[in-house]
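Undergrad:
In this note's numbering, the protein residues as written are 51 to 541.
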């Protein structure tokens, strides 16, 4: 990535020009009526709380009556288990430090320093949350349970033969059918852990470290993407919210955090290529395509990330990276197909497997809206309020697209263009999330499964008034800490 300097006008508090409470025209198109905008933010957050409350109360009533939700503590796949752990002091310390010092530091640090601090902070936050459950139960054992990938490592001794035979073990009833997570994902997910084992990093501990460290790098990909599409100012404002993502409850330790990072870097590389912010844009586009291809072989549902990728091209107002991106994206599918694994065949068998199990029992009428309550808990109230602002900016952003006023460029003359670009990026991720929800293939467990989509809702918090950043951070972090200390969220 090029290292050209982007002028900043943040104050020491990172709040924009002038005094700390001054409206910044780049981030506050509602500045003419800031009081009303803030009331709407609070209403949106309150609506999120009501949605979660309804999902809890109705969910417990349904589950206690007939057990069809297949979740002991709906809407989350969790059970009541108040506990403390070695990660408790670390999680509390990380939260306090980021809330207290994150916003001003995000405005002061050099860009590369901010990226390093964000990755370190995110890794510390996720690890500390996992360690609330203890090293064995919260980290080492997580990916070795009966549903997980590491239970089948020995069956991949001959990888080509296993890939050719993979689809024969997806449906329940077939001899040697795969565990739930292996059957529910393309073989790229399991192969990741097979290859780790082959290089001497076998076992649950190394798998957990891989998922947390790689998964936490998704924060960097999101910051880079926001910077090149919507400006450094908004990226810096978003950083603390990305670091203290409530989804850390489920990212530590979950392969879905790793999936989120792969998908995020695909978006970031395409954004760099589309805005020509790298020395070799075509190479970045090919790299983004390779990662998107790999993303689709990590999880069947992540093809929906195409909505975010398309929005990147729309915001950059260019189709130049499309051909190299598609060439890169074809590599992984071609390799798996030649090896004998057929994605579409496997997907249709997965649908059959899904309805053989809990997916065929869980009521769509509850989960189609309770899934969104899970999303509120995993993204946080700041993201909810930020999405509200994104939706309010959408009409103007769409009008601006027609004239090209949203195209990212140095020294924007349209004061609201950065905000509008960020709003559209966030809403593209929301569209992908809603498509997954309506599909009926995401009934429950979305607090974990939707991490690749939820990541892109978090930067919406940068649209909130900077002087309220710490309050919104607290509003998102406290529920996450309570969930991790009061519930057992493991499989």
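Glycine included, C-beta positions come from ideal geometry on N, C-alpha and C.
Everything numeric in this text was worked out from a predicted model, so none of it was measured.
What's the call for residue 65, buried or exposed, on a 16-neighbour Cβ count within 10 Å?
TA: Low confidence applies to residue 65: its pLDDT is 38, below 50, so where it sits in the model is not reliable enough to give any reading.
Undergrad: Short of 6 Å in beta carbon distance, which residues of its chain neighbour residue 341, apart from the five on each side in sequence? Order them along the chain.
TA: The answer, listed in chain order, is 312, 315, 316.
Undergrad: Residue 170: buried (16+ other C-beta within 10 angstroms of its C-beta) or exposed?
TA: Exposed is the call here.
Undergrad: Going by the beta-carbon positions, is the gap between residue 176 and residue 258 smaller than 8 Å?
TA: No. Outside cutoff.
Undergrad: Where residue 261 and residue 453 are concerned, what is the direct C-alpha to C-alpha distance, given to the nearest angstrom?
TA: Straight-line Cα distance between these residues: approximately 42 Å.
Undergrad: State the start and end residues of the unbroken alpha helix (DSSP H) segment that holds residue 327.
TA: Where residue 327 is concerned, there is no enclosing alpha helix (DSSP H), given that its DSSP letter is neither H nor E.
Undergrad: Let me know if residue 249 comes out buried or exposed under the rule of 16 or more other beta-carbons within 10 Å of its beta-carbon.
TA: With fewer than 16 other Cβ atoms within 10 Å, it is exposed.
Undergrad: In whole angstroms, what separates the C-alpha of residue 91 from that of residue 444?
TA: Approximately 16 Å, taken between the alpha carbons.
Undergrad: Taking 8 Å as the CB-CB cut-off, is residue 319 touching chain B?
TA: The displayed structure is made up of one protein chain only, and chain B is not part of it.
Undergrad: So, under 8 Å CB-CB, residue 145 and residue 294 are touching, yes? Tell me the CB distance rounded to an integer number of Å.
TA: Confirmed, Cβ separation roughly 6 Å.
Undergrad: Given that a residue counts as buried once 16 or more other Cβ atoms are within 10 Å of its Cβ, and exposed if not, what is residue 199?
TA: It is buried - the Cβ of residue 199 has at least 16 other Cβ atoms within 10 Å.
Undergrad: Going by C-alpha distance, which of 243, 390, 436 is nearest residue 526?
TA: Taking only the C-alpha atoms, the option nearest residue 526 is 436.
Undergrad: Can you give the Cα-Cα distance for residue 118 and residue 407, rounded to whole angstroms?
TA: Their backbone Cα atoms lie some 11 Å apart in a straight line.
Undergrad: Quick one: any contact between the stretch 340-359 and the stretch 226-237, if contact means 3 or more CB pairs under 8 Å?
TA: As far as the Cβ criterion goes, the stretch 340-359 touches the stretch 226-237, which means the pair count is three or higher.
Undergrad: Give every residue of the same chain whose Cβ lies closer than 7 Å to the Cβ of residue 544, excluding the five residues on either side of it in the sequence, and list them in chain order.
TA: With the chain covering only 51 through 541, there is no way to say anything about residue 544.
Undergrad: When the Cα atoms are used, what is the spatial distance from residue 484 to residue 515?
TA: Taking the straight line from one Cα to the other gives about 27 Å.
Undergrad: Residues in its own chain within less than 6 Å of residue 503 by CB, not counting five upstream and five downstream?
TA: 479, 482, 483, listed in sequence order.
Undergrad: For residue 228, does the three-state DSSP call read helix, strand or coil?
TA: In this structure, residue 228 counts as coil in the three-state DSSP scheme.
Undergrad: Could you check the C-alpha separation between residue 184 and residue 137 for me, to the nearest Å?
TA: Approximately 7 Å, taken between the alpha carbons.
Undergrad: Does the stretch 240-249 come close enough to the stretch 196-213 to have 3 or more Cβ pairs within less than 8 Å?
TA: Yes: at least three Cβ pairs fall under 8 Å.
Undergrad: Do residue 473 and residue 290 have their CB atoms nearer than 8 Å?
TA: Not closer than 8 Å, so no.
Undergrad: So what does DSSP say about residue 126, is it helix, strand or coil?
TA: Here residue 126 sits in strand by DSSP.
Undergrad: For residue 222, which beta-bridge partners are listed by DSSP?
TA: The partner list for residue 222 (beta bridge, DSSP) reads 224.
Undergrad: Between the alpha carbons of residue 275 and residue 320, how many angstroms are there, rounded?
TA: Their backbone Cα atoms lie some 9 Å apart in a straight line.
Undergrad: So is residue 373 buried or exposed if we call it buried at 16+ other beta carbons inside 10 Å?
TA: Its Cβ having fewer than 16 others within 10 Å, residue 373 is exposed.
Undergrad: Excluding the 5 residues preceding and the 5 following residue 352 in the sequence, name in chain order all residues of the same chain whose CB lies nearer than 7 Å to its CB.
TA: Excluding residues within five positions, the ones whose Cβ falls inside 7 Å are 309, 313, 345, 346, 502.
Undergrad: Of all the options 495, 87, 228, 224, which has the alpha carbon lying nearest to the alpha carbon of residue 409?
TA: When each option's Cα is compared against that of residue 409, the closest is 495.
Undergrad: Taking only three categories from DSSP, how would you classify residue 542?
TA: In the structure displayed, the chain extends from 51 to 541; residue 542 sits before or after that span and is not available.
Undergrad: Taking the DSSP output, what are the residues bridged to residue 537?
TA: According to DSSP, residue 537 bridges with 130.
Undergrad: Quick check: residue 130 and residue 537, are their CB atoms within less than 8 Å of each other?
TA: Going by C-beta atoms, residue 130 is nearer than 8 Å to residue 537.
Undergrad: For the alpha helix (DSSP H) that residue 505 lies in, which residues bound it at each end?
TA: Residue 505 -> no alpha helix (DSSP H), and no H or E assigned at all.
Undergrad: Tell me the DSSP secondary structure of residue 303 in three-state form.
TA: Residue 303: coil per DSSP, three-state reduction.
Undergrad: Using a Cβ-Cβ cut-off of 7 Å (strictly less than) and excluding sequence neighbours within five positions of residue 381, which residues of its own chain qualify?
TA: Same-chain partners within the cutoff: 340, 343.
Undergrad: Tell me which residues share the same chain as residue 364 and place their Cβ nearer than 8 Å to its Cβ, disregarding the 5 neighbours each side in the sequence.
TA: If we look at residue 364 and ignore the five residues flanking it on each side, its Cβ neighbours are 451, 474.
Undergrad: Between the C-alpha atoms of residue 165 and residue 127, what's the straight-line distance to the nearest angstrom?
TA: Answer to the nearest angstrom: the Cα atoms are 33 Å apart.
Undergrad: Starting from residue 415, trace the alpha helix (DSSP H) in both directions and tell me its first and last residue.
TA: 414-429 is the span of the alpha helix (DSSP H), which, as asked, contains residue 415.
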